[in-house]
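Chemist: One point on numbering: in UniProt numbering, the residue at position 99 of the sequence shown is 99, and numbering is uninterrupted. Using N, Cα and C, we set each Cβ at its ideal position, and we do this for glycine too. Please read these numbers as outputs of a predicted model, since none were measured by experiment.
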Amino acid sequence: MSAELDLAGRVVDLVRRLAGSAAQAEVQAGHTALALTRFANSGIHQNVADATTSVWLRVNLDGRTVGGSTTVVDEAGLTALVERTIAAAALTPVDPGWPGLTPPAPLVGDGAWDEATAQAGPEERAARVRAFVDAAEGLETAGYCRTVHWSGAFANSAGQAVAGRATEAAMDGIARVPGADGVARLGSRRLADIDGVVLGGRAALKARAGTDPVELPPGRYEVVLEPTAVADLLANFAFYGFNGKLHNERQSFAEIGAAQFDAAVTIVDDVTATAGAGVPFDGEGTPKRPVTFVGDGITTAVAHDRRSAAEAGAVSTGHAWPGGSAFGPLAANLRLQPDEGAPAAAVAGPAADGHTAALLSTMERGLLVSDFWYTRVLDPKTLVVTGLTRNGVWLVEDGEITRPVRNFRFTQSYPLALGPGAVLGIGGNAITPADSWDIFGFTGPSLRLASWNFTGGASG
1 MSAELDLAGR
11 VVDLVRRLAG
21 SAAQAEVQAG
31 HTALALTRFA
41 NSGIHQNVAD
51 ATTSVWLRVN
61 LDGRTVGGST
71 TVVDEAGLTA
81 LVERTIAAAA
91 LTPVDPGWPG
101 LTPPAPLVGD
111 GAWDEATAQA
121 GPEERAARVR
131 AFVDAAEGLE
141 TAGYCRTVHW
151 SGAFANSAGQ
161 AVAGRATEAA
171 MDGIARVPGA
181 DGVARLGSRR
191 LADIDGVVLG
201 GRAALKARAG
211 TDPVELPPGR
221 YEVVLEPTAV
231 ADLLANFAFY
241 GFNGKLHNER
251 QSFAEIGAAQ
261 FDAAVTIVDD
271 VTATAGAGVP
281 FDGEGTPKRP
291 VTFVGDGITT
301 AVAHDRRSAA
311 EAGAVSTGHA
321 WPGGSAFGPL
331 AANLRLQPDE
341 GAPAAAVAGP
351 AADGHTAALL
361 STMERGLLVS
371 DFWYTRVLDP
381 KTLVVTGLTR
391 NGVWLVEDGE
401 ITRPVRNFRF
411 TQSYPLALGP
421 GAVLGIGGNA
431 ITPADSWDIF
441 GFTGPSLRLA
451 SWNFTGGASG
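(1) Do three or more CB pairs link the stretch 65-77 to the stretch 47-56 at distances below 8 Å?
(2) What three-state label does DSSP hand E226 in the structure shown?
(3) Mind reading off the beta-carbon distance from T37 to P122? Whole number of angstroms is fine, and I expect it under 8 Å.
(4) Who are the near neighbours of L234 in its chain, counting only those whose CB is closer than 8 Å to its CB and skipping five residues on each side?
(5) For P404, report the span of its alpha helix (DSSP H) as first-last.
(6) Between which two residues does the alpha helix (DSSP H) harbouring G279 extend?
(7) One question on the structure: do T102 and E284 come within less than 7 Å of each other, judged by their Cβ atoms?
(8) Please name the residue in G210, R403, A351 and A163 whose C-alpha comes closest to that of P106.
(9) Find the nearest neighbour of G30 within the set L5, G428 and L18, judged by alpha-carbon distance.
(10) At 4 residues or longer, what runs of the alpha helix (DSSP H) sit wholly inside the stretch 121-187?
(11) Check whether the stretch 368-375 and the stretch 240-252 are in contact - that is, three or more C-beta pairs closer than 8 Å.
(12) With a threshold of 7 Å on Cβ separation, who are the neighbours of S436 within its own chain once the five nearest residues in sequence on each side are excluded?
(13) Using CA atoms only, rank isn't needed, just tell me which of W321, V177, Q24 and S2 is closest to G63.
(14) So, L383 versus F253, is the Cβ gap smaller than 7 Å?
(15) Relative to the C-alpha of E249, which residue among A326, L14, R403 and P338 is closest?
(16) Could you name each continuous alpha helix (DSSP H) segment of 4 residues or more that falls completely within the stretch 287-367, going from the start of the chain to the end?
(17) Please classify R448: does DSSP put it in a helix, a strand, or coil?
(18) Check whether the stretch 206-216 and the stretch 336-348 touch, using three or more Cβ-Cβ pairs below 8 Å as the test.
(19) Thinking L18 and L78 are a contact (beta carbons under 8 Å), I'd like their distance in whole angstroms, please.
(20) Cutting at 6 Å between CB atoms, please list the residues of its own chain near R390, excluding the five before and the five after it.
(21) Taking all protein chains shown into account, decide if E364 is buried (16 or more other Cβ within 10 angstroms of its Cβ) or exposed.
(22) In three-state terms, what does DSSP make of A417?
(23) So F39 packs on G143, CB below 8 Å; how close in whole Å?
(24) Report buried or exposed for H45, applying the criterion of at least 16 other Cβ atoms within 10 angstroms of its Cβ.
(25) Pick helix, strand or coil for G456, following the three-state DSSP scheme.
(26) For V223 versus L449, is the C-beta spacing smaller than 7 Å?
(27) To the nearest angstrom, report how far apart R185 and A166 are at their CA atoms.
(28) Rounded to whole angstroms, what is the Cα-Cα separation between E124 and G138?
(29) Compare the C-alpha of D193 against each of A116, Y414 and G257 and name the closest.
(30) Could you compute how far the alpha carbon of R16 sits from the alpha carbon of E83?
(31) Kindly identify the DSSP beta-bridge partner or partners of G30.
(32) Just to confirm before moving on: does the CB-CB distance between S42 and V108 stay below 7 Å?
(33) Below 6 Å CB to CB, which residues in the same chain sit around V48 once its five sequence neighbours on both sides are set aside?
(34) According to DSSP, is T65 helix, strand or coil?
(35) Is the Cβ-Cβ distance between A153 and G182 less than 7 Å?
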């Protein structure tokens with residue numbers, strides 16, 4: 001981390017030297033090392049590793065704000081970055097919303113780090129792939145196992161200088177039979193938490209239970225959403241609901257102080273939690289801290305960077321992203337809190353875990369949904385989302401999974417689905433599904449909801 005901190009400091013010094021002391025500069029330097037083992041047709045077909053050092057620079061000069069980045073981090077590359085950024089400032093309109101720089105402030109911890117994960121080699125990923133394939137017991141399998149470690153630092157011309165590091169490991173795989181796929185995925189800061197036997201067995205069980213699905217009519221059904229589907233809810237809440245910029249622009253559903261959710265719902269963002277991912281500071285150098293966005297059903301906060309906070313008369317919650325000011329702040333570690341007292345039942349059939357099975361056991365008639373995909377927001381203000389189910393849907397009758405169901409298209413307001421009186425149960429554990437990129441940690445247990453609006457078949 002000292003190397004990245006030194007790198008960030010050098011860029012700040014270059015801005016002062018080339019643009020003068022009146023220039024305000026903030027710099028984030030990061031080194032990312034990604035290693036990925038892919039498998040298909042039940043065999044490893046690719047093992048790749050990539051390491052990149054990047055520098056992001058933002059300068060406010062004469063009231064004008066401009067940013068730039070580079071992966072060329074020798075003296076010539078850094079000088080070129082600063083020179084072209086300063087030159088671009090002269091062509092940029094005045095920025096009346098510039099919030100100023102983050103003042104010096106200490107961090108809590110240095111990030112979600114696991115040394116064994118950072119040092120993991122290809123043989124450790126391959127062992128988990130082998131375990132996944134063997135656990136599928138002859139079914140065709142495909143997927144990946146990855147490890148990532150990131151070290152970085154931030155410095156600005158106001159004197160803030162912080163550094164941190166993080167690791168992440170994930171496995172995402174499918175098992176396949178003719179006409180049906182089963183999925184299992186998991187992400188963690190520790191590779192040791194990734195068990196290929198458990199994941200491969202779960203994917204195979206779901207695949208075998210998904211053959212010869214029936215077609216059900218569109219309509220509203222009671223549902224149990226597994227953690228992989230719950231993660232999609234949380235991702236859309238983060239991008240569109242609890243985004244402080246969109247809230248300022250009245251494009252978000254969030255109404256601070258209103259009981260918009262069922263009283264059972266508490267949603268927090270905390271990079272320091274066990275399931276947290278990332279470093280303990282944001283793209284503006286603001287230290288991250290736990291933030292409760294929904295507490296006992298009441299919306300209590302939205303995410304802010306310095307710009308959206310200044311517009312709202314608030315303070316930054318530590319959710320800025322390098323180059324992300326156009327979109328707004330993002331809470332990347334949203335977690336739906338589990339019900340610590342929730343019962344668990346014996347897992348029989350395609351239920352992801354015992355807590356999911358318990359949620360199903362008292363359902364008179366409804367659906368078990370493994371996964372959502374290709375979800376798109378139709379109306380940001382009400383967060384109406386359309387998308388498809390994937391990798392397994394099952395009919396539940398009198399507490400028993402009775403038959404697989406063909407995939408549905410749905411159109412549903414996510415906040416309304418979790419509204420007052422709509423949550424019939426929350427599972428007692430919080431599985432972290434692997435995501436498509438390593439900076440996100442959307443986490444939640446299975447969730448039982450009174451109603452979900454399915455509008456047609458997946459091909460409709």
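Modeler: The structure says:
(1) yes
(2) Against the sequence shown, residue 226 aligns to sequence position 226. DSSP places E226 in coil when its eight states are reduced to three.
(3) In the sequence shown, counting from the first residue as 1, residue 37 sits at position 37. In the sequence shown, counting from the first residue as 1, residue 122 sits at position 122. Confirmed, Cβ separation roughly 6 Å.
(4) Here residue 234 is taken as the residue at index 234 of the sequence shown, counted from 1. I267, L334, R335, L336, F442, T443 and G444.
(5) As a position in the sequence shown, residue 404 is number 404, starting the count at 1. Taken as a continuous stretch (DSSP letters only), P404 belongs to no alpha helix (DSSP H), being part of the beta strand (DSSP E) at E400 to P404.
(6) Translated into the one-based positions of the sequence shown, residue 279 becomes position 279. First, the amino acid is wrong: residue 279 is Val here, not Gly. Note, V279: premise wrong, no alpha helix (DSSP H); not H, not E.
(7) Your numbering for residue 102 matches position 102 in the sequence shown. Your numbering for residue 284 matches position 284 in the sequence shown. It is a contact, given that the beta carbons lie within the stated cut-off.
(8) Position 106 of the sequence shown, counting from 1, holds the residue named residue 106. For the residues G210, R403, A351 and A163, the minimum Cα distance to P106 belongs to A163.
(9) On the sequence shown, position 30 is the one that residue 30 refers to. Minimum Cα distance to G30 is reached at L5.
(10) If we require 4 residues or more, the alpha helix (DSSP H) runs fully inside the stretch 121-187 come out as 122-135.
(11) no
(12) Here residue 436 corresponds to residue number 436 of the sequence shown, with the count starting at 1. Because S436 sits at a pLDDT of 47, beneath the cut-off of 50, its placement in the model cannot be relied upon, and the following sentence gives the value as read from the coordinates. Hits under 7 Å: none found.
(13) In the sequence shown, the residue the question calls residue 63 occupies position 63. Comparing Cα-Cα distances from G63 to each of W321, V177, Q24 and S2, the minimum goes to Q24.
(14) As a working note, residue 383 is residue 383 in the sequence shown. As a working note, residue 253 is residue 253 in the sequence shown. Yes, they are a contact pair.
(15) Counting from one through the sequence shown, the residue named residue 249 turns up at place 249. Closest option to E249, Cα to Cα, is A326.
(16) 306-312 and 354-360
(17) Here residue 448 corresponds to residue number 448 of the sequence shown, with the count starting at 1. It is a strand residue.
(18) no
(19) On the sequence shown, position 18 is the one that residue 18 refers to. On the sequence shown, position 78 is the one that residue 78 refers to. That pair is no contact at about 11 Å.
(20) Within the sequence shown, residue 390 is the residue found at index 390, counting from 1. Cβ within range, chain order: D371 and W373.
(21) For the purposes of this step, residue 364 is taken as residue 364 along the sequence shown, with counting starting at 1. Classification of E364: exposed, given that the 10 Å Cβ count is below 16.
(22) Taking the first residue of the sequence shown as 1, we reach residue 417 at position 417. The answer is helix: DSSP assigns A417 an H, G or I state.
(23) Here residue 39 refers to the residue found at position 39 of the sequence shown. Here residue 143 refers to the residue found at position 143 of the sequence shown. Contact holds; Cβ gap of about 6 Å.
(24) On the sequence shown, position 45 is the one that residue 45 refers to. Exposed is the call here.
(25) Translated into positions along the sequence shown, residue 456 becomes position 456. Of the three classes helix, strand and coil, the one that applies to G456 here is strand, per DSSP.
(26) Indexing the sequence shown from 1 puts residue 223 at position 223. Indexing the sequence shown from 1 puts residue 449 at position 449. In contact: V223 and L449 (Cβ atoms closer than 7 Å).
(27) Within the sequence shown, the letter at position 185 stands for residue 185. Within the sequence shown, the letter at position 166 stands for residue 166. Straight-line Cα distance between these residues: approximately 20 Å.
(28) The count along the sequence shown starts at 1 and reaches residue 124 at position 124. The count along the sequence shown starts at 1 and reaches residue 138 at position 138. Going by the C-alpha atoms only, they are around 22 Å apart.
(29) Position 193 of the sequence shown holds residue 193. It is A116 whose Cα lies nearest to the Cα of D193.
(30) Along the sequence shown, one-based indexing puts residue 16 at 16. Along the sequence shown, one-based indexing puts residue 83 at 83. Computed Cα separation, rounded: 11 Å.
(31) Against the sequence shown, residue 30 aligns to sequence position 30. DSSP, once it has assigned bridges, lists S54 and G152 as partnering G30.
(32) Translated into positions along the sequence shown, residue 42 becomes position 42. Translated into positions along the sequence shown, residue 108 becomes position 108. Not in contact: S42 and V108 (Cβ atoms no closer than 7 Å).
(33) Counting from one through the sequence shown, the residue named residue 48 turns up at place 48. Around V48: L36.
(34) Position 65 of the sequence shown holds residue 65. Three-state DSSP puts T65 in a strand.
(35) The residue labelled residue 153 in the question sits at position 153 within the sequence shown. The residue labelled residue 182 in the question sits at position 182 within the sequence shown. Contact: no.
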